[in-house]
Amino acid sequence: MSELSIGVIADDFTGATDIAGLLKRVGYRVIQIIGVPEDDGDYPSADAVVVALKSRTAPVGDAVSESLAALDWFERRGVRQVIFKYCSTFDSTADGNIGPVADALLEKTGEEIAIICPAFPENGRTIYNGHLFVGDVLLENSSMRDHPLTPMRRSDLAGLMQAQSRHSTGLVPFRVVERGAEAVRQALSDLQRSGHRYAVVDAIRDADLLTIGSPLRDARLMTGGSGIALGLGRGDVAAADPARSAEGSSISGRDLVLSGSCSERTREQVAHFRKSYPALQLDPLALASEPGGAQRALEWIADQPSDGPVLVYSTEDPAGVRAAQDALGVAAAGKIVEDALAAIAVGATGAGVGRLIAAGGETSGAIVKALGVTWLEIGTEIAPGVPWTRPGGETPIHLALKSGNFGGPRFFEDAFATPF
Ligand code: ADP
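Here the sequence shown is numbered in the numbering used here, starting from 1203 and rising by one per residue.
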């Protein structure tokens, strides 16, 4: 692999493809590697490599050790900058993995101060006076309050970070960011001198991300959402080769959506898609009590007309999710659904599915793991933060990994209308 400009450690799979798509948009040749890369892995060359972990809700020790192993791999390849990528809604459990992972990466890279910037204005994630907004409401008042695994009940990023990290977190407020790159650089160095190791940086417009990118040119470590990639575009990096991307871009076979996301946006997308296309709902209680649920879903898929897309989903509203969790336990309900959707993905690709959309971060992680995919080439963005991807190796499919709250209400239809 040639010289590596950017190495990204992403804490879930859809988050990884999200930032991979944006790095591609700003001119990098990008691949995404699933899990900690192998030393003898046969990866194509790239200027930016995104390592997709499934560490968001993992035990904290595992999250830290996998992140450090990824950093190690990057450092052995002379990486210039490392980004720790988490969700633009700062998804973390009550114990929280973002703080401990960031602390470990700070220590290992020797970086003095790292930004905390999950802003992605294009997708409605903005930070003002250190508070994270989703659309026009605070994170704690958004649908993230009711997330099955990572309910977010506060919005002040420094407070969230303080609860998880050993170090102190300061703020570069919007009134500084709007004064430009030099003001941000100065504020970061002032915070560093006063003993802070993290700085939440406000951003309410895409232009703010460009401002923030400039003083970060030489940063060894940054943390944030995918939006920070927008400020890191480099004129000296060869743009992705369109000829190479076009190669093998056509694919035959059935179009399938597998949705385990219960996020508000996915619920809208499922409701919209169901009006026009065949859809099968999986019930976690039925999956738990009667074996063979995945097999029955595969038989159902095979019975549908093969010239149109189909949907299999466990997507539910918060009351439905709570009912399943009360009956089965939070982790068990999630696992039963993830296992079923992963088994369906494996069966369906074996039975000729050509394009597969996985909706949900954890869901996508389970599906990609089950398919045995080790790396992905990044293709066209379908919606901000969701590119089509093509798995390396022998799996002849195109995959879109959609984070719960991403995409417009017609995302599934839009995706199947977008070429690789
Ligand atoms: P998102 O990206 O929207 O957060 P995820 O896939 O990351 O979606 O998380 C959704 C979680 O909810 C998964 O662990 C999934 O297995 C679980 N889940 C899906 N459907 C149900 C359901 N009907 N009841 C309970 N849990 C569910």
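Glycine is no exception: its CB is placed at the ideal position from the N, C-alpha and C atoms.
Item	Value
Straight-line gap, ALA1561 to GLN1497 (C-alpha atoms, nearest Å)	20 angstroms
Per-residue burial, GLY1263 [other beta carbons within 10 Å of its own, 16 or more giving buried]	exposed
4-residue-minimum alpha helix (DSSP H) runs that sit fully inside the segment 1489-1521, ordered along the chain	1495-1505
beta-carbon HIS1398 near the ligand ADP non-hydrogen atom, thresh 7 angstroms	no
Alpha helix (DSSP H) segment containing PRO1302, residue limits	1300-1311
Simplified DSSP state of ARG1227, which is helix, strand or coil	helix
Local conformation of ALA1448 per DSSP, three classes	Model confidence at ALA1448 stands at a pLDDT of 45, short of 50, so the residue's coordinates are unreliable and nothing is read from them.
THR1468 Cβ short of 7 angstroms to the ligand ADP heavy atom set	yes
Anticipated Cβ contact below 8 angstroms, ILE1238 with VAL1253, distance rounded	The question names Ile, but residue 1238 in the sequence shown is Val. About 7 angstroms; that satisfies the 8 angstroms criterion.
At least 3 beta-carbon pairs within less than 8 angstroms: the segment 1377-1390 vs the segment 1404-1419	yes
Distance CB(GLU1540)-CB(ALA1568) smaller than 8 angstroms	yes
Selection from ALA1389, SER1367, GLY1433 that minimises the alpha carbon distance to ARG1636	Because the chain here runs from 1203 to 1622, residue 1636 falls outside it and cannot be looked at.
Backbone secondary structure at ALA1440 - three-state DSSP	Interpretation of ALA1440 is limited by its pLDDT of 44, a score under 50 that renders its predicted location unreliable; the figure taken from the coordinates is listed afterwards. Residue state, collapsed to three classes: coil.
Element boundaries [alpha helix (DSSP H), containing LEU1543]	1532-1552
heavy atom of the ligand ADP below 7 angstroms from LEU1351 C-beta	yes
Straight-line Cα distance separating ALA1521 from GLY1552	35 angstroms
SER1463, DSSP secondary structure in three states	coil
Local Cβ density within 10 Å of ASP1443, reported as buried at 16 or more and exposed below that	Residue confidence is low: ASP1443 scores 47 on pLDDT, short of 50, so the model does not pin down where it sits. Its coordinate-derived value is still stated next. By the 10 Å Cβ count, ASP1443 comes out exposed.
Proximity to SER1478 [Cα-Cα], best of ASP1404, PRO1507, ILE1546	PRO1507
Beta carbon of PHE1613 nearer than 8 angstroms to that of ALA1585	yes
Cα-Cα separation, PRO1246 to ALA1488	43 angstroms
The ligand ADP heavy atom lying under 7 angstroms from the CB of GLN1471	no
Check: THR1565 C-beta below 7 angstroms from any heavy atom of the ligand ADP	yes
Whether ARG1467 touches GLY1609 by CB criterion (8 angstroms)	yes
Distance cut-off 7 angstroms: CYS1319 Cβ against heavy atoms of the ligand ADP	no
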